[in-house]
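Counting in this note's numbering, the sequence shown runs from 92 upward without gaps.
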Amino acid sequence: MTDESTGTLRSRLVDQAASDLEENRRRQQELAERIAVLRQEEALLTGILNLAQRYEGFADPSRLPEQLQDEPALPKAKRASAGAAARRPEPARASSAGASPKAGAKAKSRRPLLGDLLLELLGRHDGPRPAKELRDELLAKHPDRAPTPQVVRNTLESLVAKGRLRRHKEQRSVMYTVVDGRSES
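Right, dumping it as structure tokens:
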């Protein structure tokens, strides 16, 4: 090999090494940014998990903190984890079965619960109704609500478990009716 060809080869190898080094630095920067995003997501999910574990023992979903319709999710989670205990003294939490906490919650302008809407729709019919028809009727009367079929079925089953609805099986279909004498319980 001549000195000229050796110099050209060396020049190409140096250029290739510099290019590879630059590409490695760019990929390292991308990965560092991705790691930072993943750490933020991990912190958020850890906070959500902590809140879920904190409220896991509550059987009554009405006792769980609720997010207002126009309030973003992240600030609510931060507020709930940071100062829930400071805002609500222990005796008020223990007496949540009383009327005062629920009366305050009802004073806020919120959408009605899905279960209440389904009970209202079922109450308008004499016979049993399948979950699919109830969902279709709900979507027609409340276009702002769009629960999935599974959410509707889960809500109906929850009302069955609470004794507010009765489940009927007709062949492969499951039908629901409102339990009579509900005001007695």
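Every residue gets a Cβ at the ideal spot worked out from N, C-alpha and C, and that includes glycine.
Its Cα nearest to that of residue 246, the residue 210 stands out among 224, 262, 210, 123.
Counting along the chain, no alpha helix (DSSP H) covers residue 93, and no H or E run does either. Beta-bridge analysis with DSSP links residue 267 to 220, 258. With 16 or more other CB atoms across the displayed protein chains lying within 10 angstroms of its CB, residue 222 is buried. For residue 204, there is no enclosing alpha helix (DSSP H), as DSSP marks it with neither H nor E.
The beta carbon of residue 270 lies closer than 8 Å to those of 254, 255, 256, 257 in the same chain, with the five residues before and after it left out. Going by beta carbons, residue 238 and residue 220 fall outside the 8 Å limit. Counting along the chain, the unbroken alpha helix (DSSP H) around residue 248 starts and ends at 240-252.
Residue 130 sits in a helix when the DSSP states are folded into three classes. In this structure, residue 135 sits away from residue 206, with a CB-CB distance that is not shorter than 8 Å. Here DSSP, grouped into helix, strand and coil, assigns residue 226 to helix. Between residue 204 and residue 229, the CB-CB gap reaches or exceeds 8 Å. Here the alpha carbons of residue 107 and residue 97 stand approximately 15 Å from one another.
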